[in-house]
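All remarks here apply to the structure that follows.
Residue numbers (the numbering used here): 1 to 356.
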C-alpha cells in the first residue's frame with residue numbers, strides 16, 4: 001500500500017443508517033480527509049480489499065455481520081488500520097471487550113464531533129480543522145450557507161456551534177439540540193433546516209410540552225374524520241405536514257412514555273398510521289428534536305426510552321447559555337433594541353455597561 005504521507009488520509013465509514021453515514025462522511029471530508037462509505041460489514045470488507053484505508057469508523061449494530069464479528073476479518077485484511085467503534089451507551093461493556101479483539105477505541109452515541117475529530121487527528125497524526133468555518137470565506141453562489149442576519153455569532157462558543165451546525169446540516173441524520181430554556185434551541189433548528197437540502201420544503205414545529213396529553217397522538221400522526229368523539233374533520237398531523245421537509249419536536253423530553261414507541265416506529269419505518277386508519281402513510285422527513293432536560297437521566301429513571309434516545313440523538317448539539325458567551329451580550333442587546341424600536345438605535349456606554 002502507498003505511504004500515508006504521499007496521499008490524502010482515507011477513512012471508511014461503515015453504518016447501515018444512511019443519515020448517520022452521510023453525516024460522518026461529511027465530517028471526515030470537513031477535516032480534509034477522503035471519506036468512503038459502506039452500509040454493511042460485508043460491503044466494508046470488500047472496500048478494504050480494493051482501497052487503501054487508514055481508519056475505519058465502524059458501527060457495532062449492523063445487518064448481517066455485526067461490527068464486533070467483523071473485527072477479525074478486518075484485521076486479517078489490514079493489520080495496521082485504526083478501528084474506531086461507534087456504540088450505544090448500553091453496549092459500552094461490549095465495546096471495551098471488542099478492543100481486546102482488535103478495535104483501537106470507541107465512541108458512545110450521541111456522537112461528540114469534537115471528540116471524534118480529536119480521535120481521528122490523534123490516530124492519523126494530522127492537524128486538521130473543520131472546513132468552511134463561520135468566520136471563513138464562502139464560495140459565491142453559496143447564499144444558502146450564509147449566516148442569517150438575526151443570528152448573533154461573536155463569541156468563540158457560538159461560532160464553534162455554528163461551525164458544527166454547518167457540517168451536520170446537509171445530512172438527514174436526526175439531531176438532538178440540548179440546552180437551558182431560552183438559549184435559542186429553536187433558532188439552531190431553523191438554521192439546520194435553512195442550511196439543509198430540505199430548505200425548500202416545510203419546517204414544522206411541534207412543542208411536545210404544550211400539547212394536551214390526550215391530543216398528542218392526533219397532533220403528531222393525524223386522524224381520520226370520525227376516528228373519535230370530536231373528530232369532525234380529518235387532520236394530517238405534524239409528521240405528514242412536514243413531508244419532504246423538517247419536523248422539529250421541541251421539548252421532546254416531555255413526550256408521554258406511552259407514545260414513544262409509536263414515534264420510534266415512525267422514525268424507523270418512515271411511515272405513520274393516523275388514528276382510525278389501519279393503512280400506514282409514507283412520510284419523508286428529517287427529525288430535529290430539542291429539550292432542556294437531561295435525557296440520559298430520564299433514560300435511567302425509565303421516563304424516556306433508550307432506543308428512542310439513540311434514534312433521535314445521532315448527534316447532540318449543546319447550545320451554551322448567554323453567561324458562557326458574554327461577547328454576544330451587547331450585539332444581542334443592540335439587535336433586540338433595534339427590533340423593538342422599529343429601526344437602528346444606539347445604546348449608550350452606560351447602557352452597555354449595565355447589561356454587562
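Built from N, CA and C at the ideal position, the CB exists for glycine as well.
For residue i, the nearest candidate out of the options (CA to CA)
i, options, result
"residue 51", "81, 22, 249, 23", "81"
"residue 257", "115, 345, 308", "308"
"residue 334", "353, 286, 324, 85", "353"
"residue 112", "318, 102, 54", "318"
"residue 218", "236, 186, 207", "236"
"residue 199", "247, 178, 215, 179", "247"
"residue 124", "165, 196, 28, 86", "28"
"residue 175", "263, 86, 290", "290"
"residue 24", "95, 78, 147, 164", "164"
"residue 313", "264, 72, 93", "264"
"residue 294", "178, 356, 58, 239", "178"
"residue 208", "238, 150, 77", "238"
"residue 73", "57, 102, 356", "102"
"residue 326", "97, 356, 49", "356"
"residue 212", "79, 242, 259", "259"
"residue 15", "7, 53, 58, 159", "58"
"residue 17", "270, 300, 351, 328", "270"
"residue 243", "310, 282, 108", "282"
"residue 53", "66, 93, 9", "9"
"residue 188", "161, 48, 79", "161"
"residue 349", "86, 75, 338, 330", "330"
"residue 328", "121, 292, 183, 214", "183"
"residue 99", "75, 122, 114", "75"
"residue 337", "13, 185, 150", "150"
"residue 108", "93, 122, 121", "93"
"residue 167", "216, 122, 114", "114"
"residue 159", "292, 324, 66", "324"
Identity of the residues DSSP links to residue i by a beta bridge
i, result
"residue 357", "With the chain covering 1 to 356 only, the question about residue 357 has no answer from this structure."
"residue 86", "59, 107"
"residue 11", "35, 55"
"residue 207", "250"
"residue 272", "281"
"residue 175", "288, 315"
Nearest-angstrom Cβ-Cβ length linking residue i and residue j, presumed shorter than 8 Å
i, j, result
"residue 152", "residue 332", "5 Å"
"residue 181", "residue 22", "Residue 181 to residue 22, Cβ: 31 Å. No contact."
"residue 157", "residue 320", "5 Å"
"residue 55", "residue 31", "Contact flag wrong, Cβ pair sits at about 11 Å."
"residue 70", "residue 45", "7 Å"
"residue 33", "residue 11", "6 Å"
"residue 287", "residue 249", "7 Å"
"residue 20", "residue 173", "5 Å"
"residue 315", "residue 110", "6 Å"
"residue 88", "residue 106", "Between residue 106 and residue 88 the Cβ distance is about 11 Å, and since that is not below 8 Å, they are no contact."
"residue 245", "residue 285", "7 Å"
"residue 194", "residue 148", "7 Å"
"residue 196", "residue 233", "So it is not a contact: roughly 32 Å between Cβ atoms."
"residue 267", "residue 311", "5 Å"
"residue 116", "residue 77", "Incorrect: roughly 24 Å between the Cβ atoms, too far for contact."
Interface flag, residue i vs chain B, CB-CB below 8 Å
i, result
"residue 9", "The structure shown contains no chain B, having only a single protein chain."
Inset, instruction - Determine contact between the stretch 39 to 47 and the stretch 57 to 65, defined as no fewer than three beta-carbon pairs at a distance below 8 Å. - result: yes
Inset, instruction - Counting only runs of 3+ residues fully inside the stretch 276 to 348, write out the beta strand (DSSP E) ranges in chain order. - result: 286 to 291, 315 to 318
Inset, instruction - Decide yes or no for the touch test of the stretch 301 to 308 against the stretch 248 to 264: beta carbon pairs closer than 8 Å, at least 3 of them. - result: yes
Inset, instruction - Would you check if the stretch 274 to 284 and the stretch 218 to 235 touch, i.e. whether three or more CB-CB distances between them fall below 8 Å? - result: Because the criterion of three Cβ pairs below 8 Å is met, the stretch 218 to 235 and the stretch 274 to 284 touch.
Inset, instruction - Could you say if the stretch 341 to 349 and the stretch 201 to 209 meet the contact criterion of at least three C-beta pairs nearer than 8 Å? - result: No contact exists between the stretch 341 to 349 and the stretch 201 to 209.
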